[in-house]
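In this text, residue positions in the first sequence follow our numbering: the first is 280, and each later residue adds one.
From the three backbone atoms N, C-alpha and C, an ideal C-beta is built for every residue, glycine too.
Please read these numbers as outputs of a predicted model, since none were measured by experiment.
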Amino acid sequence: MSYNFNEIEAKWQKYWSENQTFRASNSSDKPKYYVLDMFPYPSGAGLHVGHPLGYIASDIYARYKRHTGFNVLHPQGYDSFGLPAEQYAIQTGQHPALTTAKNIKRYREQLDKIGFSFDWSREVRTSDPEYYKWTQWIFIQLFESWYDLEAEKSRAISELEEVFASEGNSRVNAACDDDVEEFSADSWNNFSSEEKQRILLKYRLTYLAETEVNWCPQLGTVLANDEIVNGVSERGGYPVVRKKMTQWSMRISAFSERLLQGLDQLDWTESLKESQRNWIGKSVGAMVHFNLYGETLKKVKDDGSLSEHQKRISVFTTRPDTIFGVSFMTLAPEHDLVKKITTPQQKEEVQAYVAASAKRSERERMADVKSITGVFTGAYAEHPFTKEPVPIWIGDYVLAGYGTGAVMAVPCGDQRDYDFAKHFEIPIPNIFENADISEAAFPGKEGTVIANSDFLSGLEYKEALQKVILELEKTGHGYGKTNYRLRDAVFSRQRYWGEPFPVYYVNGMPQMIDAQHLPLRLPEVEKYLPTETGEPPLGNATNWAWDTKANEVVSNKEIDDKTVFPLELNTMPGWAGSSWYLFRYMDAGNEQEFVSKEAQKYWENVDLYIGGSEHATGHLLYSRFWTKFLHDRGQLSVEEPFKKLINQGMILGQSAFVYRLEGENVLVSKNLLGKNEVQPIHVDVSLVNHSDELDIEGFKKWRPEFKDAKFLTEKDGSYIVGREVEKMSKSKYNVVNPDDICEDYGADTLRMYEMFLGPLEQAKPWNTAGITGVHNFLKKLWKLYHNGEEFEVSEEKASADSLKSLHKTIKKVTEDIEEFSFNTSVSTFMICVNELSAQKCNSREVLEPLAVLIAPYAPHIAEELWSKLGNSESVVNAEYPVYEEKYLVESIKNYPISFNGKMRFTMELPLDMQKDEIEKTVMADERTQKQLDGRTPKKVIVVPGKIVNIVG
RNA sequence: GCUCGAGUGGCGGAACUGGUAGACGCGCUGGAUUCAAAAUCCAGUAACUUCGGUUGUGCGGGUUCGAUUCCCGCCUCGAGCACCA
């Protein structure tokens, strides 16, 4: 019987599904293991061969863990809210729920064909109200929490209210908005309830605030920082502008230090951790206050609109030790003080500069790093130690969004300050011992000795740093401070297809819908575009008001602002649902809780997470944040979501090209190009065979505009296409569909070939031509168990050679799986089958364990062989074979004999032969004498069991 | 500019803590089988070579009996961050 993979694979896929083979139980005596793939977005284009790479790797590992006695959780589901379905809805009017359902169906069919061991009984979809009910619930928990910086922990907002009522806010060390005013217990108790709500909003972990956001007009929504790449939107590449809008934000910045520290405990790649460290951007330094000087101070003092601490300029610096090198200050053009301090003489120039830089987009500002621009304000600040006046400039090299939006400029130590000073002819005092600053600034830290700096002179960097901070604190001119680049995350999207906020507004103040009334379902709308008045698509809904008496959604007409109030019109961003989904899988059907305490305690968190590196600073940071938050509030026993994480490399496509002569309807075969000016045109790879020959007729049919084109072909009449490795994408016509591979070669071949391509983490090109090697291997494997058409295994004892082949393979494959080196284990299987074939081994003693060994990689053929071997239970729970040393013991070693480090010949010697004995035997060999050619060796190095090297 | 990866045959890649460079597979060449093709099987396949050898893991040095592996200095490619004070 030949290897009929189509039949075998269909049979076992049906068996697994009918028997719920991969259903995981929440109670087991076995140790648990949780394997998770990154949440897929079910796109309309379906899967190409690059998508399943990570799924196959995680599936092999999950199956392996099951064989070795673990209770494995390996779920799958869909991150099904998102932009593409909504863009499609805008174009076609079709409800995104319909397109999404259709795409999911297709996705599932494709996944099923590859034979994954997913527990589909736990499937979740973020767009399912039974799921987003809990996303909304978590949002409410965030709203009801604040961050205690003292305890480094999220706490209930009610506890904060108690503190306010008993002692005011002066001693509260909380993560909050910058503009919180101090108040006493008395004033708190006298505040109106509305005033109290307004203040509490400044402390909540999710809060409503007018912030400068990244607005993308083409997408009609705001974007988070991680959704912008090089100043344009990641999706679509549209321009992004800065705009002030009232938005929901998440106070993730409160967690900066913990998000940073937590990385050390994680088994993630260094590069991924590095990305997160960069993103969090910790810098240690000091806050320094510069009082305003003379006339400037007088001018500002008269301005009643400023609070006391606004009447000075605060800067953040990592080098407070260089404070005596300050020769000017620079404010961001957007800085609040700019207007207040500018002198009348400078007013015109400053206003023009501010206006010009406001017009420049973020992108322009980033692109244009070289040109130095700035204006003097005419104002002066007072140096905190020398009391000398320091001129205040504005310049757009200072970012409004980082630190305080102002810097103390130390041109001798910072290149940007240096360039600015040179350009505007500002003095550059040198405060470093033995530093040459005639050409460039001197940015050195360790070992640098400070000079010309009063009480800091003669001190080394570290000592100076400590001393100056002490002095700043003593004189009230500043304090030591750590700054983070991580900004709070904007949480609102002006889109339809996302989770509705469980929020209604009373007098403009947000109120939470009581959790027991969730989910708040997405309303039906006529169209998915923003309203004519510029409100988000939910503004089109006619039933979108909250009745606080009936606790239900009612018609907008009933809004009376007494018992019926308007609902929030924004929806949540994509990362809301994906920040906690890993926990939902633990207890997917639970209607009482987002996950039960028992289920979560049992599964803890994800042991192995596999997915793409594009989520480094988005999803992976946000889900760490939510996990820490839910842990703080007693909802989770763990503080991190993903213990081990592997980024699979991208599978690239091999695009094919035809070449058109410039301006002519003539296509030239690749080898005839010569020096002609040609224009390469993508060809669908399905029109090209393994020898790169184009199906000319097929091509003409595909692109009718070339039906009359002239083809300059090779001598044999073939047209050879050019090849190039590019990202796999529809637009490049280089997509290979896994369905076709499964149809032609089978899922087992696909699985093994994807692994065989190379190391999991590495990017590598797909080449369908190479798949025959793996397919032949499976055929050879099949043959081992068959004699001609008949299944036949022998009950006789296997030969020593065969047992050695088997155990060598067990050892190597087990090591490889543990190290996620799947490509080398496929090679190992090939070697094993080649050896067993040569040995004509068909002994059950070898073939039965081999079937289990290969089951994680090629599960269908393994099941079939396993059942033919007479087993009635599925192979998935069969015990994994254990390697036994005794089969591998060697008595002879084929020693390489090297001369001056170069191997010349080999010699078989007993492994127990002693060093001097080996030397004698080797030296006595005639080949040795021939190599030496009469010379006497200086030295003979013998490493028993390894090598012999003769020097001289 | 900074950080992190990576450079090995025609191609994908292998080589565990320094010890036979190129495993395994693709492709290619030759052969068997076949009326023929596909499929299958066998042999060969780093380069150069006067067939003795010589050179070879991005480049230049170093350590070592011995380096793809360790150290120093460069080059190239990829990824991330990027006026972050």
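*Going by alpha carbons, who is nearest to Asp316 out of Leu1211, Met851 and Gly891?*
Gly891
*Locate the beta strand (DSSP E) running through Ser1177, then write down its first and last residues.*
Ile1171 to Phe1178
*How about Lys311 and Trp882: do their beta carbons lie closer than 8 Å?*
yes
*Any idea which residues DSSP pairs Leu221 with across the strands?*
Outside the displayed range of the chain (280 to 1231) lies residue 221, so it cannot be described from this structure.
*asked:* Whole angstroms are fine: how far does the CA of Gln497 sit from the CA of Gly333?
replied: 33 Å
_Cβ contact (3+ pairs, closer than 8 Å) linking the segment 1112 to 1130 and the segment 1190 to 1199_ = no
*What are the residues that DSSP puts in a beta bridge with Pro845?*
Ala824
*Go to Glu541, then tell me how far its beta strand (DSSP E) extends in each direction, as first and last residue.*
The identity of residue 541 in the sequence shown is Gly, whereas the question assumes Glu. Unbroken run through Gly541 is the alpha helix (DSSP H), Ser535 to Gly541; no beta strand (DSSP E).
*DSSP beta-bridge partners of Asp456*: According to DSSP, Asp456 bridges with nothing at all.
*With DSSP collapsed to three states, give me the class of Lys989.*
strand
*Nearest-angstrom Cα distance between Arg521 and Thr490?*
10 Å
*asked:* Could you tell me which whole alpha helix (DSSP H) segments of length 4 or greater appear in the segment 392 to 432?
replied: 408 to 422
*At 4 residues or longer, and completely inside the segment 923 to 998: list those alpha helix (DSSP H) runs for me, N to C.*
975 to 981
*asked:* Closest to Thr992 by C-alpha separation, out of Lys979, Lys949, His961 and Lys1006, would be which residue?
replied: Lys949
_Continuous alpha helix (DSSP H) stretch holding Gly1052: start and end_ = Ile1050 to Leu1063
*Less than 8 Å separating the beta-carbons of Arg863 and Trp399?*
no
*Any idea if Met1182 is buried or exposed, counting beta-carbon neighbours within 10 angstroms, 16 or more meaning buried?*
exposed
*Name the residue from Lys1119, Gln1118 and Ser1146 whose alpha carbon lies nearest to the alpha carbon of Ala1130.*
Ser1146
*Within 10 angstroms of the Cβ of Asn1275, are there 16 or more other Cβ atoms? Answer buried if so, exposed if not.*
With the chain running from 280 to 1231 in the structure shown, residue 1275 is simply not present.
*Which two residues bound the contiguous alpha helix (DSSP H) that contains Met1109?*
Phe1101 to Ala1117
*State the beta-bridge partners of Val501 as determined by DSSP.*
Trp494
*Nearest candidate by alpha-carbon position, reference Gly836, set Gly329, Arg404, Leu848 and Thr821*: Per the sequence shown, residue 836 should be read as Lys rather than Gly. It is Thr821 whose Cα lies nearest to the Cα of Lys836.
*Tyr697 and Ile710 look like a contact to me (Cβ under 8 Å); what is the Cβ gap, rounded to whole Å?*
Tyr697 to Ile710, Cβ: 13 Å. No contact.
*Nearest residue (CA-CA) to Asp826, options Ser1073, Asp793, Tyr426 and Asp1095*: Asp793
*asked:* Would the segment 1074 to 1093 count as touching the segment 1018 to 1031 if we require 3 or more Cβ pairs under 8 Å?
replied: no
*Assigned secondary structure, Ala568 (DSSP; H/G/I helix, E/B strand, else coil)*: The sequence as given places His at residue 568; Ala does not occur at that position. Strand at His568.
_Where Glu1094 falls: helix, strand or coil (DSSP)_ = helix
_Check whether the segment 906 to 919 and the segment 1031 to 1051 touch, using three or more Cβ-Cβ pairs below 8 Å as the test._
no
_Check this for me: beta carbons of Glu778 and Phe360, under 8 Å apart or not?_
yes
*If I'm right that Lys552 touches Leu571 with Cβ under 8 Å, what's the distance once you round it to whole angstroms?*
The pair is not a contact, with the Cβ atoms about 43 Å apart (cut-off 8 Å).
_Under the three-state DSSP convention, the category Glu831 falls into_ = strand
*asked:* Quick check: the Cα distance between Arg1123 and Asn1102, rounded to an integer number of angstroms?
replied: 27 Å
*Using the rule of at least 16 other Cβ atoms within 10 Å of the residue's Cβ for burial, across every protein chain shown, is Ser717 buried or exposed?*
exposed
*Could you tell me which residues DSSP pairs with Asn350 in its beta bridges?*
Lys311
*What residue range is occupied by the uninterrupted alpha helix (DSSP H) comprising Lys619?*
Leu616 to Ile620
*Contact check, Lys564 vs Pro599, beta carbons under 8 Å*: The question names Lys, yet the displayed sequence has Gly at residue 564. Yes; because the gap between Cβ atoms is below 8 Å, this pair is in contact.
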